[in-house]
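Numbering (full-length UniProt numbering), first residue to last: 1 to 349.
1. Should residue 174 and residue 156 be called a contact, given that it needs their Cβ atoms to be closer than 7 Å?
2. Would you kindly work out how many angstroms separate the C-alpha atoms of residue 165 and residue 171, rounded to a whole number?
3. Please name the residue or residues paired with residue 315 in a DSSP beta bridge.
4. In the DSSP assignment, what are the bridge partners of residue 284?
5. Give me, in chain order, the residues of the same chain whose beta-carbon lies closer than 7 Å to that of residue 331; leave out the 5 immediate sequence neighbours on both sides.
6. Would you check if the segment 300-315 and the segment 281-289 touch, i.e. whether three or more CB-CB distances between them fall below 8 Å?
7. Does residue 140 come out as helix, strand or coil in the three-state DSSP assignment?
8. Please list the terminal residues of the continuous beta strand (DSSP E) segment that includes residue 155.
9. What is the rounded straight-line gap between the Cα of residue 176 and the Cα of residue 335?
10. Helix, strand or coil: how does DSSP classify residue 83 here?
11. Under the DSSP definition of a beta bridge, which residues are partnered with residue 127?
12. Could you check whether residue 295 and residue 158 sit closer than 7 Å to each other, using their CB atoms as the reference points?
13. Would DSSP call residue 328 helix, strand or coil?
14. Start and end of the beta strand (DSSP E) containing residue 172?
15. Note down the Cα distance separating residue 246 from residue 81, rounded to an integer number of angstroms.
16. In whole angstroms, what separates the C-alpha of residue 162 from that of residue 153?
17. Just verifying my parser: in three-state terms, what is the DSSP assignment at residue 274?
18. Would you identify the three-state DSSP class for residue 221, choosing helix, strand or coil?
19. Inspect the beta-carbon positions of residue 180 and residue 196 and report whether they are closer than 7 Å.
20. Between residue 211 and the rest of its own chain, which residues show a CB-CB distance below 6 Å, the 5 nearest in sequence each way excluded?
21. DSSP beta-bridge partners for residue 162?
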């Protein structure tokens with residue numbers, strides 16, 4: 001059956017070529033073994049034994065070095081990374097009378113000085129329930145979400161807001177003006193209750209967003225050199241200086257270097273971070289590691305500047321240890337991670 005054997009040999013060699021491109025030690029060793037069989041099948045048994053005696057220890061040693069030095073995160077680093085756990089539900093609520101409440105999803109209830117009821121549960125987060133619509137006392141609360149935290153809130157008009165790590169929202173306890181205005185630092189996802197007579201406005205350090213009733217995500221951190229707003233549903237207007245820009249669903253406004261640009265995106269990647277996975281749409285590793293540093297409260301240092309520009313597309317589990325995410329990124333890019341105390345070092349392989 002020479003033709004059948006030749007076809008089999010050709011298939012294995014072709015597999016070897018493809019695996020060689022992947023440059024992954026696990027597959028490299030598997031295909032190396034297969035290739036040795038193909039090459040030596042046509043030689044004498046005595047030669048096979050001699051070669052095997054010489055090559056097996058070498059391959060075993062090479063396999064060990066590949067596993068532990070060239071491609072994989074050192075064992076000690078992996079053990080430490082496994083102990084870096086994700087964030088959870090926590091925040092600090094600053095009320096109008098100067099009190100600060102540390103929140104962790106526990107159930108509580110209190111009354112603001114204007115009579116508004118504030119309650120909190122694990123699932124609903126903070127909920128504001130005004131006792132009268134004629135209350136004109138203008139007071140503000142601020143919800144601050146620290147590193148390794150997230151929290152959700154329902155404002156007095158029914159608008160729902162999810163705050164990401166290292167973010168804060170300042171808002172009136174009751175919307176008594178002709179507009180409903182809140183101030184955001186960081187990142188938040190909004191589902192705004194429609195009220196054509198009272199537009200909803202989100203202000204950040206860079207611009208304002210005017211809406212009637214819609215769902216959108218805003219990311220505007222002080223330590224980022226850009227910000228963006230992504231629309232999932234409805235219609236919003238971006239106000240930046242004397243410039244105005246209308247967004248429709250599936251569009252994203254990006255502000256960088258003082259200029260706003262509009263691009264088409266899949267909103268799913270930008271509006272689902274409050275669920276159980278992080279989604280990345282061909283995002284550069286520098287931005288990804290910044291997001292992870294806020295969620296896991298770790299420092300990140302790039303040893304090689306080129307590593308910042310590697311792009312990753314897909315999703316990773318949000319509530320696992322950072323080790324799992326680092327492993328996924330290592331397997332799909334040419335970077336590796338090391339750990340020095342609470343600082344993750346990113347290097348090229």
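Ideal placement from N, C-alpha and C gives every residue a C-beta, glycine not left out.
So, from the data block:
1. yes
2. 18 Å
3. 279
4. 311
5. none
6. yes
7. strand
8. From DSSP, residue 155 is part of no beta strand (DSSP E); its letter is neither H nor E.
9. 53 Å
10. coil
11. 119, 154
12. no
13. helix
14. 167-172
15. 43 Å
16. 7 Å
17. coil
18. coil
19. no
20. 192, 200, 236
21. 152, 189
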